[in-house]
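Shown next as C-alpha cells:
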C-alpha cells in the first residue's frame, strides 16, 4: 500500500502495473491514480482567459495563456496565415539528450494559438470553437449563434448555460 503525496489517499499498485514498471525500469508512482489523471487532464486550459500580447504583432489579444507565459502566442488569423512557416521550427532529435527536455524546448519555440477558434464571427471570448456567430464563453462549440456560457454545444441558437446539446 502506498500513500499519495498529493492527497494522502492510500492506493495499491496492481501486479501487472508493477511488472510494467520493472520492465521499463521506472520508479513507482508517488501519486494515486486519480491525482495522476488530474495531472494529465491539466495539460490544456479551456476556460480561463487572459489579456496578453501577440508575439507576432505585439497587439493586445485575448488568450488562454497568461501574459507571463513562456510560449509564443499568435492570434488565430496570424497562426493560420502564410506569414510564418512551421517548418522553420523543425529540428533534429539529439539521442544524447532526454526526449522531454528537447520536447519542452520545442514547445517554447513553436507559436501557439491564443484561442482555438476557426471561422468565428464576433465570438472573441470562445475557445475550441468553429463557425460560431455572436457567441460569448462558448467552449468546444460548433455552428452556434447568439449563445452564451455553453460547453460542447453544436448547431444551437439562442442558448444559454447548456452542456452537450
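Residue numbers (our numbering): 16 to 180.
Even for Gly, the Cβ is constructed at its ideal location relative to N, Cα and C.
Beta-carbon proximity list for residue i, same chain, < 8 Å, skipping 5 on both sides
| i | result |
| --- | --- |
| residue 77 | 64, 65, 66, 67, 129, 130, 139 and 140 |
| residue 32 | none |
| residue 155 | 61, 142, 143, 144, 166 and 167 |
| residue 175 | 162, 163, 164 and 165 |
N- and C-terminal bounds of the beta strand (DSSP E) containing residue i
| i | result |
| --- | --- |
| residue 52 | Residue 52 -> not in any beta strand (DSSP E); alpha helix (DSSP H) instead, spanning 48-56. |
| residue 66 | 65-68 |
N-terminal and C-terminal residue of the alpha helix (DSSP H) that residue i is part of
| i | result |
| --- | --- |
| residue 92 | 91-95 |
| residue 38 | 30-39 |
For residue i: DSSP bridge partner residues
| i | result |
| --- | --- |
| residue 145 | 133 and 157 |
Backbone secondary structure at residue i - three-state DSSP
| i | result |
| --- | --- |
| residue 25 | strand |
| residue 17 | strand |
Beta-carbon proximity list for residue i, same chain, < 7 Å, skipping 5 on both sides
| i | result |
| --- | --- |
| residue 19 | 26, 46, 47 and 50 |
| residue 134 | 145 and 146 |
6 Å CB neighbourhood of residue i in its chain, flanking five on each side removed
| i | result |
| --- | --- |
| residue 180 | 168 and 171 |
| residue 85 | 123 |
Suppose only complete runs of 4+ residues qualify. What are the alpha helix (DSSP H) ranges in the segment 150-177, listed by chain order? none
Entirely enclosed alpha helix (DSSP H) segments - the segment 76-131, minimum 4 residues: 91-95 and 114-124
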